[in-house]
Structures are given as structure tokens and as C-alpha cells.
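Protein chains: 2
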Amino acid sequence: MNEVETVSSLRSHGGLQGVYRHQSAATGTEMAFSVFVPDHEPGARLPVVWYLSGLTCTHANVTEKGEYRATCSDLGLIFVAPDTSPRGEGVADDPAYDMGQGAGFYVDATETPWTPHFRMRSYIEAELPALIAAQFPADMNRQGITGHSMGGHGALTIALRNPERFRSVSAFAPIVAPSQVPWGEKALGGYLGPDRAKWREYDAVALIEDGARVPELLVDQGEADTFLAEQLRPALLREACDTAGIDLTLRMQPGYDHSYYFISTFMADHLKWHAERLRAS
Amino acid sequence: MNEVETVSSLRSHGGLQGVYRHQSAATGTEMAFSVFVPDHEPGARLPVVWYLSGLTCTHANVTEKGEYRATCSDLGLIFVAPDTSPRGEGVADDPAYDMGQGAGFYVDATETPWTPHFRMRSYIEAELPALIAAQFPADMNRQGITGHSMGGHGALTIALRNPERFRSVSAFAPIVAPSQVPWGEKALGGYLGPDRAKWREYDAVALIEDGARVPELLVDQGEADTFLAEQLRPALLREACDTAGIDLTLRMQPGYDHSYYFISTFMADHLKWHAERLRAS
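Line by line, the protein sequences are chains A and B. Our numbering numbers the first residue of the first sequence as 1272 and each following residue consecutively. Our numbering numbers the first residue of the second sequence as 1272 and each following residue consecutively.
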């Protein structure tokens, strides 16, 4: 590859699990991401599922614990897992786990000290897709997107802002209304400033209220998730979707928490759901 | 539980993934292990598959990366993952990764400084099975055993010494003849002393040469495993099994390495292989 350095490329589940790094123009930092590519016919281009990770995570968490490779190989899906923020010594940070490095919230920051590097919206919406299209056997006309927690927020908001790009959208325990919960108020206030009108394009429920539409959504949420009542609040998404006529499949999963033990359990269901929509003509 | 402390118990793949710790009489230390128990009828007892881990690992590696839970739930198998050595401040260690803590080699050490705590054979063969039988819904008449690398060595040798106990035995990239490879010569020499006759009960190929028998074995080995030629040497097992009339299914897997990206790929195959034998009447 020209601009992308291969950190590792290991055979797994009948495909190649790669980890890559590159110098990002959007963030002005080196960024790492992982891509799983199932074995395929020479010249074939495969549908792509994006997976956006949650607070504190890098690409590595889902790559190691997500249990997606067997199903992606069965269904012929490329799986892309980006990092959650810019990182490094010259990059602003916060001692809390829910702000700064590892907590980019998929926004383009407008406030100091975050502005020069915290441009995860541009990175995920523009720079990384161009790179994936150029460097991997990806059919960019067949993209789906999912994510967990903060990354579920990312998946929902990116899809709602770009409905023509994504044929399928799902989320695991997403932050559905960051403007209305502590994690989101802190992050959006910090990255975007106090004017809450500017937060709305980074809030799935607000985007739907303001007219953004996707035809359908799949969301799994553990009932034993300790963040459920205060930070995640899927009922707000239920209400917004019902009002807007969006077909939301919201599955409350008894006993499941917020961890990868939850995510991995339902990963295959989500990938099958995406594949049905991505493989439709 | 009486003597066992629950560190965590999380719902995953239609079962409970627990991590536990207890004071071990065999090692004289606190030991941790993980157990996955699929949902089951009240009062039912389920077959057990033991998984012994490799150098540097604890119970956590396979618990996080092994991708065994979905298949164990489908097949109704309990999955037990012990640690690989005693650990702690009062326990002897070696600065190298392949000796001391994280490298117990499933032996009862006879040499100083290892003797007081490095008694992993007694721990895995006697103490932990009694605890599992007493504290979990396990059918101890239906046990299988597998493992990876050093843990594959453990699985093979423990099964060969206790053929009446295990209905099924498999391994991922096992050290098949530790007496003939650098890892094993260092570890067995260190734990057991220079008399190589004492090593033979901890060497699968030597055990078979000395008359130990199991009816059949399943072994997967990656062809891109960097330890293949020097440390693992499956041809030695092939030769010993052929001579002894043991039905060895040795699958060389092109492109696969020594990591959990390899193990997780073939985990479901191994669990199905065990289940066929454990569920037979």
C-alpha cells in the first residue's frame, strides 16, 4: 500500500485480519484501524460494515473480542474498525475517561484545546472511506454501519446525516440522545461549546426530530447495562422513531451488560441483518 | 459458593461467563480460573471441556479471545479455563517468559526454587476437578480436554496419563515432545532436574512410546506458526501415533500462525468434535 503501513496481517476464519496505520490529514496525527477481509474471488469487491467503538476503546477491543470474523467470512463482509480519537503526545487530553483521547465522540471539535486534532467526523465520514475504497477490495456502494455505546451514537448520527451512503444501520447499546445525558453534555459541551443548537447534528434523536431519516434501525440493549437509565435511554430513540415513522427494531436483552460479552453475543445477528440489506440488489 | 469467590459473572451467548478465585492447597497460592456455563434445565449436569492455556497466558486470554461461548451454548458444554501457573510475590519466578510464573508446564516441580508452589499437575488433575464437580453443574463422567501450545502439551499428557477420565482429547499447536525441544528442555530441566527419565511422564510422545494410549486425537497446527519447526514438531506426534495405533487427525492449516486468531478459527470444530464424543452414550 502507498500511504498505509501494515502493522500486522494475520490469517483468521478464512480471511485476513489486518491492523494498519497512516498519517491522517483530518486529525493531523497517526491513526490506526483494523480491517478484516474474507477470502474472495480475484477482482471481487465486498460489502463493508463499519464498526465504531465506545469510550476508552481503540480498534483493538472489537478486533480481539468482537467475534465477527466467522460471520463476516460466511457472509462475505469486510469489517472496518477505526480508533475512537486522535492520540499522542501533542494531542489534547483530559484525565477523565469520557473526554479527550479515547473519547472523540465522532465530532469535529470547534473549541480549544480540541480543535486542531479532534476531527473524528471528517476522519470517519470522508478520509477513511476514501482510503478504504482505494486500498481494499471494498464495494463502497454497499456500506453498512454499526457501533457500541459512544460508537453507537457515531453510527446512528453518521448514518442519519448520510442516508444515501448506508444501506443498513444498527447499534449496540448506543448513546441515542447525547444532548440529554451526562456523557454527551460533557463531551458535546467541551468539543462544540455551550450553544446546544450546534449539538443537534451530533445527536441521533435531535437529528430525527429535525427531519433526518433512515428507513430502519436495529438496536440491541442489555437490560443489566449499568449505563442504561442515565446515559443510553433507548426509550428516547423509540419515541423519536415512532413519531418519525422509522422502523426501529429495539431488542431489550435480559441479563446482558455493556461489555464485549454482550456485544459478541449479538454480533452475528447484526452482521446477518446488514448482509441481508447489503446483498440485496 | 463456599470456598470459591466469584470475581465476575456476566451473561454472554445464552449462558454465564464467570471468573473465580480460590485458595489452592496444591499450589499454596490464590488461583483464578474461568468457567462458562450455558443455560440448562434445573438439575441438569453438562459435559465439561477443559482448556489449558499456553505460555504467558492466564485464564483471561481464551476467555476474551477464544470465541468458544456460542458453540458451547449450542452444544451444552461447560468450558473451564485455568491459569498456567501459581503467581504472586512469594512465588518463584524467572525473568524469561518461558519459565516460572505464566509457564507452569503442568508439572509438579521437584527442584528448588520451584517445589513449594509449582504443582500444576496436582492442581489440574486433582484439586480443580474436585472443585468443579462440587460447585458447578458438571457431569464429570463426560470430560474432554484441549489446550494451546504449552497447554496442548498439558492436555495431551494429562489425557494420556488419565485415559479413563477423558472421552475426548484435542490440541491447538501443542508442544508434543518437550524433551526434544528448547522450551521443554529448559522447563522440564528446571522444574524436574537433569534426569531425563523423570521427564517422560510429562512428554506426550514419550508417554506414547512408553505405552500410554488414548483412542484418538485431533490436532490443528498452523503452517505459518513461527514455533512450528523448532518447538512444536507435530511430525513427532504423527510418528508416535502411527507406531502406537492411535488415530491422530492432524490438520495442517495453511497461513495460520500461533495466535488466538488461529485458535478462535478452529475452536468451534474442536468443540463439536468433543461434543460428539461427550454426548455419545
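Beta carbons: idealized from backbone N, C-alpha and C, even for Gly.
Within the region 1277-1294 of chain A, those residues whose Cβ lies closer than 7 Å to any Cβ of chain B are, in chain order, 1281, 1282, 1283, 1284 and 1288. Contact of residue 1526/A with chain B is assigned, a C-beta pair being separated by under 7 Å. For residue 1495/B, the residues of chain A that pass the 8 Å Cβ criterion are 1282, in the order they occur in the chain. By the CB criterion at 7 Å, residue 1487/B and residue 1518/B fall inside the cutoff.
One thing to note: residue 1549/B has its Cβ no nearer than 7 Å to the Cβ of residue 1400/B.
Here residue 1481/A is exposed, its C-beta having fewer than 16 other C-beta atoms within 10 Å. Fully enclosed beta strand (DSSP E) runs of no fewer than 3 residues occupy 1286-1294, 1301-1309, 1317-1323 and 1349-1353 of the region 1280-1354 of chain A, in order along the chain. Three or more Cβ pairs drawn from the region 1333-1342 of chain A and the region 1529-1537 of chain A lie within less than 8 Å of each other, which places the two stretches in contact. Residues of the region 1500-1532 of chain B that bring their beta carbon within less than 7 Å of a beta carbon in chain A comprise 1526, 1527, 1528, 1530 and 1532, in sequence order. Straight through space, the alpha carbons of residue 1276/A and residue 1435/A are spaced by roughly 31 Å. Counting only the Cα atoms, residue 1290/A lies some 5 Å from residue 1278/A. For residue 1308/B, the closest of 1350/B, 1469/B and 1293/B by C-alpha to C-alpha distance is 1350/B. Any Cβ of chain A closer than 7 Å to the Cβ of residue 1536/B would place that residue at the interface, and such an atom is present. Interface criterion met: the Cβ of residue 1335/B is under 7 Å from a Cβ in chain A. With a minimum length of 3 residues, the unbroken runs of beta strand (DSSP E) contained wholly in the region 1364-1423 of chain B fall at 1409-1418.
Closer than 7 Å to the CB of residue 1338/A there is at least one CB belonging to chain B. For residue 1439/B, the pairing in a beta bridge is given by DSSP as 1415/B. Excluding residues up to 5 positions away in sequence, 1297, 1298 and 1379 lie with their Cβ nearer than 6 Å to the Cβ of residue 1390/A in the same chain.
Between residue 1321/B and residue 1416/B, the CB-CB gap stays under 7 Å. Counting C-beta atoms within 10 angstroms of its own C-beta, residue 1310/A has fewer than 16 neighbours from the protein chains shown and is therefore classed as exposed. Pairing residue 1501/A with residue 1326/A, the inter-Cα distance amounts to about 16 Å. By the criterion of a C-beta distance shorter than 8 Å, residue 1410/B is surrounded in its chain by 1316, 1317, 1318 and 1319, once the five residues flanking it on both sides are discounted. Here the C-alpha atom of residue 1295/A lies approximately 16 Å from the C-alpha atom of residue 1404/A.
For residue 1491/B, DSSP records a beta bridge to 1443/B and 1522/B. For residue 1423/B, same chain residues with a beta-carbon under 7 Å away, outside a window of 5 residues either side, are 1442, 1443, 1444, 1445 and 1446 in chain order. Measuring C-alpha to C-alpha distances from residue 1414/B to each of 1529/B, 1545/B, 1451/B and 1512/B identifies 1545/B as the nearest.
DSSP places residue 1506/B inside the alpha helix (DSSP H), whose first and last residues are 1505-1515. Separation of residue 1427/B and residue 1520/A (C-alpha to C-alpha, rounded to the nearest whole angstrom) is 47 Å. The shortest C-alpha to C-alpha distance from residue 1387/A to any of 1540/A, 1524/A, 1396/A and 1371/A is the one to 1371/A. Each of 1282/B, 1281/B, 1288/B and 1542/B was checked against the Cα of residue 1418/B, and the nearest Cα belongs to 1542/B. Between residue 1457/B and residue 1301/B, the alpha-carbon positions lie close to 26 Å from each other. A distance below 8 Å between beta-carbons, with the five flanking residues on each side excluded, links residue 1283/B to the following residues of its chain, in chain order: 1307 and 1340. A straight-line Cα-Cα distance of about 7 Å links residue 1420/A and residue 1324/A. In this structure, the straight-line span from the alpha carbon of residue 1460/B to that of residue 1362/B is close to 19 Å.
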